[in-house]
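Visitor: Structure provided below as structure tokens; questions to follow.
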Amino acid sequence: MDDKFNRTLMYMSTKSLNQANDDLSRGIVLHELCRVLGLEHENDRLEAAQYLTFESSESLSNKATEFRSRKIRQAPDSQRWPFDPTSVTIFEPNEPPKSHYRLTSQCNGSKTSDIAKGLKIGRLSFWDVVKINSLYCPDHVPAKAAHTPGPCEKSFRRRLAGVRLSKRPMERNRLRKVMGRA
0 MDDKFNRTLM YMSTKSLNQA NDDLSRGIVL HELCRVLGLE HENDRLEAAQ YLTFESSESL
60 SNKATEFRSR KIRQAPDSQR WPFDPTSVTI FEPNEPPKSH YRLTSQCNGS KTSDIAKGLK
120 IGRLSFWDVV KINSLYCPDH VPAKAAHTPG PCEKSFRRRL AGVRLSKRPM ERNRLRKVMG
180 RA
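Under numbering that gives the first Met the number 0, the first residue of the sequence shown carries the number 0, and numbering increases by one thereafter.
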């Protein structure tokens, strides 16, 4: 946020747009766009330490120090939704995520290779979409989000406080049944 001119800037280097893999370039753009929209790095969440461990090496020692000293700052709306190891918003030092993150035993619904999968394949995860919708268009939060455990949750807590869920898919199904096209 540029306070002087009251605007938000998104800086993209040519390096980020010219990756060997086009999906990764798209993932980097999505990552930065999500940040501009208000999502924080998923690994900065309060409960991230339950699910992720940081594997530091000599080459990552400075990044490890930076990772540990980062302030935990999350918008309350995004805290309502579960931790998502596949999110495009996983903070990534200059090496692939699997080389410096490991999932803990608490996150048994995902594999370590799934960490930052959205960033690697250039797609928003289901939970990225839910978080963005809850911030900007709560009427379009999929109803199944309230009843679906997150990738690292064995069970889920009710997440409906203050969120209006989209009823359109349910209404469509009801109309199909009424019209005999179910």
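For each residue, glycine too, the CB sits at the ideal point set by N, CA and C.
CB Cys33 to CB Ile114, shorter than 9 Å?
Guide: Not a contact, by the Cβ cut-off of 9 Å.
Visitor: Give me the Cβ distance between Arg44 and Phe82, rounded to the nearest whole Å; I'm assuming they're in contact under 8 Å.
Guide: Right, their Cβ atoms sit about 6 Å apart.
Visitor: What is the DSSP secondary structure of Val87, reduced to helix, strand or coil?
Guide: Reduced to three states, the DSSP call for Val87 is coil.
Visitor: Along the alpha helix (DSSP H) that carries Arg34, what are the first and last residues, could you check?
Guide: Start and end: 21-36.
Visitor: Restricting to Cα atoms, I'd like to know which of Gly37, Leu29, Leu51 is closest to Ser109.
Guide: Nearest C-alpha to Ser109: Leu51.
Visitor: With burial defined as no fewer than 16 other Cβ atoms inside 10 Å of the residue's Cβ, what is the status of Val35: buried or exposed?
Guide: So Val35 ends up on the exposed side.
Visitor: According to DSSP, simplified to helix, strand and coil, what is Pro141?
Guide: In the structure shown, Pro141 sits in a strand (DSSP, three-state: E or B).
Visitor: State the CB to CB distance for the pair Lys119 and Leu23, rounded to an integer number of angstroms; the pair is presumed to be in contact (CB under 8 Å).
Guide: Right, the Cβ-Cβ distance comes to about 6 Å (below 8 Å), so this counts as a contact.
Visitor: When DSSP labels each residue in this structure, what does Thr103 get in the three-state scheme?
Guide: Thr103: coil per DSSP, three-state reduction.
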